[in-house]
Amino acid sequence: MSDAPADPADVDTAAEGDDEGSFFERYTTRAIVAGVTVASVVALLLAGLLFPESLAGTLADVLTSRNTLAATLRLSVPIAFAALGGIFAEKSGVINIGLEGLLIISAFSAIYVADLTGGVWVGFAGGVLASTLLAALFAVVTIGFRADQIIAGLAVWLIALGLAPFASQVIYGSPNTPTVATTNSITVPVLADLPFFGALFSASPSVYMLFAAVFGSWYVFERTAFGRWIRASGENPKALDTAGVSVTRVRYAAVLISGVLAGMGGAALSLDLGQFTGNGPTMVNGKGFIAIVAYLFGNYNPIGAFLSTMLFAGLDAMQTVLQLQGIGIPRQLIRITPFVVVIVVLALVGRTRLPEAAGEHYETED
Amino acid sequence: MSAADRARDALSRLVDASATERVLISTAALVLSVLIGAVLVLVAGRMTTCTAGEAVYYFGMGFCYDPVVVFDRLFLGALGDPLSGGWSPNGQFAVTLRETTLLIFTGLSVALAFRAGIFNIGTQGQMVVGALATALGVLWASSLVSGALGTVVLIPFGLLVGAVFGGLYGAVPGLLKAYADANEVITTIMLNFIATGVALYLVSGIFKDPESAANQTVPLPEFAQFPALLFGGRQDFSIVALAFGLLAVGVLYYVLEHTAFGYDVRTSGVQPEAAEYGGVDAKRTVVASLTLSGALGGIAGAMYVMMVLGTFQTGIPSYGFDGITVSILAGNNPLGVGIAALLFGVLKSGTTVVQFATDVPPQLVGVLRGLIILFVAMPEFFRLLARRVPGAGSRREAVATDGGIAGDRGGETDE
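Respectively, the protein sequence lines represent chains A and B.
Start counting at 1 in the first sequence, then tack on 251, and there's your number in my numbering.
Start counting at 1 in the second sequence, then tack on 6, and there's your number in my numbering.
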């Protein structure tokens, strides 16, 4: 991740600049979605201001509440971490659809290790380790043994979906673990007292770690040779190979990084609540798949992925608040809004340009 | 070789690999998964607590779970203990066949989509929609007819309702893929969550059975359910349903291999560009195959309601995800689905026996499900393994029908 010799760095220039027409189309769809989102928020706020007693008034209250921002940030953590991980893997040419599984395994392991050792941060490390190991298995299977990436990713998800409740049942006698201690939130003095934005300065450590990870990922992709190798490995592996960098190694590294990042997300998810619940789709409940849509919508840009995560998580936060306020829409229906929005966004964004060589095995040519 | 060529090559390698090789790989994957399952049971046996008297000892270490007992229960228990003499047509074997019947339909659903080159992860949701529609439709119709006539009319009607609603729900990701380029893996998974959520809303509200504490619809009358013939009366199994399943296997095989539509589906799956060049309407094929796939998932839901539960209840077991395993194990071949469904039916039914006998949690089957998919997905691993075994290596090479792979292999280095 450091600054390495820059000679293989320009191999990816050839991959850029092609199909500009479709880039423009995508750009406008994204702009339209973003514009509509902003416009509807503004309209809602205005309507709420004019008719404070109406549904719009309630929604506007919820939107401007500092609790909503706090909840949005908290809900963003697992999705955004997983999305960052997905970007690393997919940019290198390995589609990691098993992010959901990585979140599940790390959420459980974090609680288990924290319960065993009594240390929250030891538990966090345990969660990250478990996720990284599962990602390593995925890497060996797809890169080493040329398995179909989608099927192997599904297998990773299903293995974790079975393994975490199985382990919980064996160890605790129930798919849900007992509760462990949680971390205290970190509060920045003065700034935390700001209205609305104060929520940014009084949050769980995992939120700050997310900010760091988003910036760090952006920096790696934009400013380091390693970031350029990852891009080249996904766009034009042959050129990277010719430049003397091992495509296999770059891909292994990228998939392992995706394991570490998703592991941080999963560990933060369960440790923030102090418990792992493993019934049905487990507490992860589709967050790994929402993460995939978030980075597609964010066009593989860490910051874009973070912003689109905020959109999904914001909806989720609002639905929680709305459920509590009981505004007439049934709870069960409000709960599915994030999933509906994911489909709508995917339909609007349509075909995202995958990295040229994503999903393909690369064979070193002697 | 361009990237697209290579992708096509990889795909045709999967499709063209000879049937023998496919069977060998699937068997090896199954055996390996079960072996890893045994190790997992041993490890789990170290992590749980039990009295010294209950523990078993291997390699000088005590374990709470005995993998030998586990696998004895898993396989012999699922077959109703044919060796110990107590076999009865109402025993565990009926449960195994019940699971097999449902898995045939979800397996066929996934397999059909796969053959068209589409990942339908949404069979679970399509099954939920079909099940709910059947429970409500048949309940409504059961007030119009009754008795033996009712059974003859209502069961085909229920299957039809399940197929139609499951099919419509399957058409949604099909249309999204064909006309909005939305990736079907993600949309079908999201639609699973939506189906479960909406079903919960409907069944806990307007369609709730007022006399039940559970979130369920009003139970169907006895005559609107599959009759238990010969065996399985106590285990909610009907041989009629299994016969329907086997019929579906035959029909789907015929449709895929011997009709124009089947040809379109198969060529779209193997070589989409070539199929389109040859006059196949790609968009229509995508929508049609996902609709048909959804219809099969919907029939699985109808079967579950009319054979197993007699009502719709929230929390439908994950037959849809198991269908992915069944289909992949079967190499997406309808005839193979019949066999794979029986094998996986044994695993599913066996885990409940295991739970009775040994306390090993039934979630074990969930882990096996994932492991089987993982191993079947990596044929290279088994080819490598086979080449390490003296004598077997040369034969395996000859079986590869994909041309050029032998040369490619020489250049393949994993660091």
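We put the beta carbon where it would ideally sit given N, CA and C, even for glycine.
Cβ-Cβ distance between I346/A and L405/A below 8 angstroms: no
Members of the region 32-57 of chain B near chain A, C-beta cut-off 7 angstroms: A50, M53 and T54
So, for T297/B: in the same chain, excluding its five sequence neighbours on each side, which residues have a beta-carbon less than 8 angstroms away from its beta-carbon? G173, L174, G176, A177 and G180
Compile a chain-ordered list of the residues in the region 359-390 of chain A whose CB is closer than 7 angstroms to at least one CB of chain B. none
Grab the span of the beta strand (DSSP E) containing M664/A for me, first residue to last. There is no way to answer for residue 664/A, as the model of chain A reaches only from 252 to 617.
Kindly indicate the opening and closing residues of the beta strand (DSSP E) around G68/B. M67 to F69
I need the straight-line Cα distance from P422/B to A44/B, nearest angstrom please. With chain B running from 7 to 421 in the structure shown, residue 422/B is simply not present.
Establish whether the CB of A432/A and some CB of chain B are separated by less than 8 angstroms. no
In terms of residues, what are the limits of the beta strand (DSSP E) holding V62/B? V62 to Y64
What residue range does the alpha helix (DSSP H) around S425/A cover? Unbroken run through S425/A: none, as it is neither H nor E.
By how many angstroms is the C-alpha of G377/A removed from the C-alpha of A432/A? 15 angstroms
Over the uninterrupted alpha helix (DSSP H) stretch that includes P73/B, give me the two end residues. P73 to D78
Figure out for me which residue from I334/B, L390/B, P323/B and G344/B has the closest Cα to the Cα of M133/B. P323/B
For M53/B, is the classification buried or exposed, using 16 other Cβ atoms within 10 angstroms of its Cβ as the cut-off for buried? exposed
Compute the beta-carbon to beta-carbon distance between V535/A and V596/A, rounded to the nearest angstrom, for a pair I have assumed lies under 8 angstroms. No, V535/A and V596/A are not in contact; Cβ-Cβ is about 20 angstroms, not under 8 angstroms.
When you compare only the Cα positions, how much space is there between G548/A and D567/A? It is Phe, not Gly, that sits at residue 548/A in the sequence shown. If I take the Cα positions, the gap works out to 17 angstroms.
Assumed close pair M305/B, L165/B - CB separation to whole angstroms, cut-off 8 angstroms: With the sequence shown as reference, residue 305/B is identified as Ile, and Met is not the correct amino acid for it. At roughly 6 angstroms, the Cβ-Cβ gap stays under 8 angstroms, so I305/B and L165/B are in contact.
At the 8 angstroms Cβ level, is P606/A part of the contact set with chain B, yes or no? no
Which residues in the same chain as I394/A place their Cβ atom closer than 8 angstroms to its Cβ, once the five residues preceding and following it in sequence are excluded? V345, T499, R502, Y503, V506 and H612
Is the Cβ of I401/A closer than 8 angstroms to any Cβ of chain B? yes
Can you confirm whether Q526/A, when its beta carbon is compared against all beta carbons of chain B, has any partner nearer than 8 angstroms? no
Return the residue from the list V373/B, R389/B, G113/B and P367/B that minimises the CA-CA distance to Y423/A. P367/B
Provide the residue(s) that pair with T438/A in DSSP beta bridges, ordered along the chain. S453/A
In the structure shown, what three-state DSSP assignment does Q241/B receive? coil
Counting only Cβ pairs nearer than 8 angstroms, list the residues of chain B close to P416/A. P367, Q369 and G372
Residue of R104/B, N126/B and T202/B minimising C-alpha distance to L114/B: N126/B
If you check the beta carbons only, do V209/B and T194/B fall under 8 angstroms apart? no
To the nearest angstrom, how far is the alpha carbon of Y546/A from that of P278/B? 27 angstroms
From V439/A to W480/A, what does the alpha carbon distance come to, in whole angstroms? 38 angstroms
Residue range of the alpha helix (DSSP H) that R393/B falls in? P385 to R394
Please report how far the alpha carbon of A169/B lies from the alpha carbon of I330/A, in whole angstroms. 35 angstroms
Would you kindly check if the distance between the Cβ of R474/A and the Cβ of K342/A is under 8 angstroms? no
Once DSSP output is grouped into helix, strand and coil, what is the label at Q132/B? helix
Using a C-beta cutoff of 8 angstroms, does Q570/A count as contacting chain B? no
Can you give, in chain order, each stretch of the beta strand (DSSP E) that sits fully within the region 465-532 of chain A and has at least 3 residues? none
On the DSSP bridge list, what partners appear for Q319/B? Q222/B
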